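Scroll down for the structure; my scribbles are underneath it.
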Amino acid sequence: AQSVSQHNHHVILSEAASLELGCNYSYGGTVNLFWYVQYPGQHLQLLLKYFSGDPLVKGIKGFEAEFIKSKFSFNLRKPSVQWSDTAEYFCAVTLTGNTPLVFGKGTRLSVIA
Amino acid sequence: DAEITQSPRHKITETGRQVTLACHQTWNHNNMFWYRQDLGHGLRLIHYSYGVHDTNKGEVSDGYSVSRSNTEDLPLTLESAASSQTSVYFCASSENTDTQYFGPGTRLTVL
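If you read the protein sequences in the order shown, they are chains A and B.
The number in the working numbering is simply the position in the first sequence, starting from 1, with 467 added.
The number in the working numbering is simply the position in the second sequence, starting from 1, with 1042 added.
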């Protein structure tokens, strides 16, 4: 079965530090890839998505992600985090052809001053 | 503006009772989904629907049911609530494999 792995359960960073959150998926076919963010007490919101084209995808709030097909990876990056980036981040994958999303278990990011 | 709403936002119930959680979307999306979110498990898919009268089981469907009688609504029913079903439940909708839009969630406690 298709699965998504997020290697970091909890990441703690100081403000202005750079961020990279790992995401790997198990399916070898054509996939659509997403990063969602959940701020404390809120619902999930889309950060960015990749369907095709340029493998470097830019999203909201200065986030970007790079799709590396050979590594089955879609890592999330941000050059300089802010306290307001404190949230839980979920990677998700769906096969093309209208299939449900499969989510990773999430990475909790805590940004300290 | 289009939106997706869930009700109630908080619910406390007793073991064995039937509970229905409502989900309503005004995006006119064909696809609707129910997830539960638990610490250490992320989001797990319970049931989903690709259109009116279509329902499908997800990863953790035991003890839950859904029905889709119109485009806008996908109610989730817990037939006989169990303490293991204490969780936060999220509904989502999408058009095909595009972005899923999530509701605000329902926090359910089963005593």
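Each residue gets a CB set at the ideal place from its N, CA and C atoms; glycine is no exception.
Predicted model only: the values in this text are computed from it and were never measured.
### Task
Identify the contact partners of His510 (chain A) in chain B, using a Cβ-Cβ distance below 8 Å as the criterion.
Phe1132, Phe1144, Gly1145, Pro1146, Gly1147
#### Entry: Extent of the continuous beta strand (DSSP E) to which Phe557 (chain A) belongs
554–562
### Task
Return helix, strand or coil for Lys536 (chain A), following the three-state DSSP convention.
helix
### Message
I need the straight-line Cα distance from Gln1142 (chain B) to Gln469 (chain A), nearest angstrom please.
### Response
19 Å
### Message
Just to confirm before moving on: does the CB-CB distance between Val1130 (chain B) and Gln1079 (chain B) stay below 8 Å?
### Response
yes
### Contiguous beta strand (DSSP E) assignments of at least 3 residues, all confined to the segment 473–543 of chain A
477–481, 486–488, 498–505, 512–517, 523–525, 531–535
### Query
What residues are listed by DSSP as bridge partners for His1089 (chain B)?
B:Trp1076, B:Lys1099
### Residue-chain proximity (Thr1141 (chain B), chain A), Cβ-Cβ < 8 Å
yes
### Query
At what residues does the beta strand (DSSP E) containing Thr1062 (chain B) begin and finish?
1061–1067
### Task
My understanding is that Cys1065 (chain B) touches Asp1104 (chain B), with C-beta atoms under 8 Å, so please give their C-beta distance in whole angstroms.
Contact doesn't hold; Cβ gap of about 20 Å is too wide.
### Task
Starting from Leu1118 (chain B), follow the beta strand (DSSP E) in both directions and report where the run begins and ends.
1118–1120
### Message
In the DSSP assignment, the beta strand (DSSP E) including His1052 (chain B) goes from what residue to what residue?
### Response
1052–1055
### Query
Measuring CB to CB, does Thr1097 (chain B) end up less than 8 Å from Arg1110 (chain B)?
yes
### Task
Could you tell me whether the Cβ of Tyr1090 (chain B) comes closer than 8 Å to any Cβ of chain A?
yes
### Message
Run through the DSSP bridge pairs and tell me what Gly1145 (chain B) is partnered with.
### Response
DSSP, once it has assigned bridges, lists no residue as partnering Gly1145 (chain B).
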